[in-house]
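2 protein chains.
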Amino acid sequence: MTTAKSDTIASRISRELAERIVTGVIAAGARLRQDHIADEFGASHVPVREAFRRLEAQGLVVSEPRRGVRVAGFSLDEVKEVAEMRAALEVLALRHAAPHLTRAILDAAEAANFAGEKASDVQAWDEANRSFHRLILSPCGMPRLLKSIDDLQVVSARLLFSGWRAEWEAPTDRDHRAILSALRVGDVDQAASVLARHVQWVGQSPRKG
Amino acid sequence: MTTAKSDTIASRISRELAERIVTGVIAAGARLRQDHIADEFGASHVPVREAFRRLEAQGLVVSEPRRGVRVAGFSLDEVKEVAEMRAALEVLALRHAAPHLTRAILDAAEAANFAGEKASDVQAWDEANRSFHRLILSPCGMPRLLKSIDDLQVVSARLLFSGWRAEWEAPTDRDHRAILSALRVGDVDQAASVLARHVQWVGQSPRKG
DNA sequence: GATCTCCAAATTATAGATAATTTTCAGAAT
DNA sequence: ATTCTGAAAATTATCTATAATTTGGAGATC
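Which chain is which? The protein sequence lines are A and B, in order. Numbering-wise, the numbering used here puts 239 at position 71 of the first sequence, and it's gapless, one number per residue. Numbering-wise, the numbering used here puts 222 at position 54 of the second sequence, and it's gapless, one number per residue.
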């Protein structure tokens, strides 16, 4: 819960800002002023600027040379774009991960899915959903690919938090189950196909679930 | 040729360092020391640090919290990984770009391809190759996707420059031609399939063409 | 009343200085 | 000779100060 003691200030700031952006505490398009943020964190603006660069790399903010930094907007088009990228990359990761998936991993993924279905708020569901995907994709052993997927997933999460918020109920995740079933019987194509559809569906309901 | 006058120092430094890394002037694994680089550019280390963050985002350097920054290595595995990511993303981009491709664009791509075949050094060939891909993919209208592809292409280029160097001759690019032919007759699937194979081939010859 | 000009305030970008951490290496102990 | 120990040197991370640029708006002009 508490920040890992010996982390750099810049990374602490970037994590905190990322969370605020994803959860909608800071709205899309809002301008981020380095001095104000530095004040708030009791730091100087130098680490704040570095945090900005990281957020920029993740696609959470956009920065114009001498005109400052603002939270990246997310139009329907952008959401779809991210969803399609995720679909393409997650399918790639799954194909490479499949040969290394063990019974134990699939069981863990099933547990994560179950946790998601029992989640009482968006945060918990998101957490479980993330775990599920990470569990079945990590064994691909492609760190750069996994990093990209992770960044895209973070951006996707903005949609999740913007759409609902208060009233929310966990959907029974048929897709996840179908993916697991297919993987258990070694039908990678089927699993990949469901995964692709699943990821794109997530990016399809910008107003209504 | 001269640096765009009113660019920020940080971005000038990051561009310059990126070029050195890609062309192999700075070797993989080499440590980058902020003060030394700052001295060399006649700047302070603050913009150097920001440049580091950008290079990190592009995957050209890796940074460990208080232990500095070093040029990212590129093992065979990493090269393959990047190639596969490129293949997946370029195919996605092509599928979205295809409906917007005009005769004029395809002609321009053909010209770029021709320029590549006549290129006398690696640099020129790389430039032409980049143009070709950019021309046929840009019309997809997905800026984030294009940015990702661009970053991956930069990383791929390291391989190119490391492998050859002095003696080098431009290959007649059958794949590019095949892609254009397929696109001209509207066979997107065929074009996508050749493109995927093509991109992965590039990442396949780490020692020998 | 609307638009333009120019100055003040706010903000970004860079420099220079300082604190904290890691690396290096000489010398002691085994 | 090899492995520890510890202090000096190098390096990273941060802070404070300054320069340069942009933003916002008051007052003048049409």
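We treat Cβ as the ideally placed atom computed from N, Cα and C, and that holds for glycine.
Spatial distance of Ala240(A) from Arg238(B) (CA atoms): 30 angstroms
So for Ile177(B), helix, strand or coil by DSSP? helix
So who's on the other strand from Val239(A), going by DSSP bridges? Val229(A)
Against chain B: residues of the region 225-242 of chain A by CB proximity under 9 angstroms: Going along the region 225-242 of chain A in chain order, one finds Ala225, Gln226, Gly227, Pro233, Arg234 with a Cβ nearer than 9 angstroms to chain B.
Between Leu262(A) and Leu305(A), which are expected to be in contact by the criterion C-beta below 8 angstroms, what is the C-beta distance as a whole number of angstroms? 6 angstroms
Cβ closer than 9 angstroms: which chain A residues qualify as neighbours of Ala251(B)? None at all; the shortest Cβ gap to chain A is about 11 angstroms.
Given Arg375(A), which residues of its chain have a CB within under 6 angstroms of its CB, disregarding the five upstream and five downstream residues? Low confidence applies here, because Arg375(A) scores a pLDDT of 46, under 50, leaving its location unreliable; read the following figure in that light. There are no such residues.
Contact under 8 angstroms by Cβ, Glu218(B) with Ala276(B): no
Quick check: is the beta carbon of Leu185(B) nearer than 8 angstroms to any beta carbon in chain A? No, Leu185(B) lies away from the interface with chain A (no Cβ there is under 8 angstroms from its Cβ).
Determine the contact status of Glu258(B) and His301(B), defining contact as a CB-CB distance below 8 angstroms. yes
Determine the burial state of Arg234(B): buried for a count of at least 16 other Cβ atoms within 10 Å of its Cβ, exposed for fewer. exposed
Is the shortest distance between the beta-carbon of Ala256(B) and the beta-carbons of chain A less than 8 angstroms? yes
If we define contact as Cβ-Cβ less than 8 angstroms, is Arg222(A) a contact residue for chain B? yes
Once you ignore the five residues that flank Pro311(B) on each side, which residues in its own chain have a CB closer than 6 angstroms to its CB? Result list for Pro311(B): empty, nothing under 6 angstroms.
So within the region 341-373 of chain A, which uninterrupted alpha helix (DSSP H) runs reach at least 4 residues, ignoring any that extend past its ends? 342-352, 356-370
Please confirm whether Arg298(B) has its beta-carbon closer than 8 angstroms to some beta-carbon of chain A. No, no contact with chain A.
In or out: Arg326(A) buried (at least 16 other Cβ within 10 Å) or exposed? buried
Should Pro339(B) go down as buried or exposed, given a rule of 16 or more other Cβ atoms within 10 Å for buried? exposed
Check this for me: beta carbons of Val229(B) and Leu223(B), under 8 angstroms apart or not? yes
Mind checking if Val356(B) is an interface residue toward chain A, Cβ cutoff 8 angstroms exclusive? no
Under 8 angstroms, CB to CB, which of the residues in the region 188-204 of chain A have a partner in chain B? none
Proximity test, Cβ basis, 8 angstroms: Leu262(B) and chain A: For Leu262(B), the answer is no, since every Cβ of chain A falls outside 8 angstroms of its Cβ.
Can you tell me which of the three DSSP states Arg234(A) falls into? coil
Just to check my reading of the structure: Leu185(A) and Ala256(B) have Cβ atoms closer than 8 angstroms, yes? What is that Cβ distance to the nearest angstrom? Actually they do not touch by this definition, with Cβ atoms about 30 angstroms apart.
Beta-carbon neighbours of Thr270(A), restricted to chain B and to distances below 7 angstroms: The premise fails here: Thr270(A) is roughly 21 angstroms from chain B at the closest Cβ pair, so nothing lies under 7 angstroms.
Can you name the start and end residues of the alpha helix (DSSP H) that Ala276(A) belongs to? 271-285
Give the C-beta separation of Arg254(B) and Ile317(B) to the nearest angstrom, bearing in mind that I take them to be a contact with Cβ-Cβ under 8 angstroms. 7 angstroms
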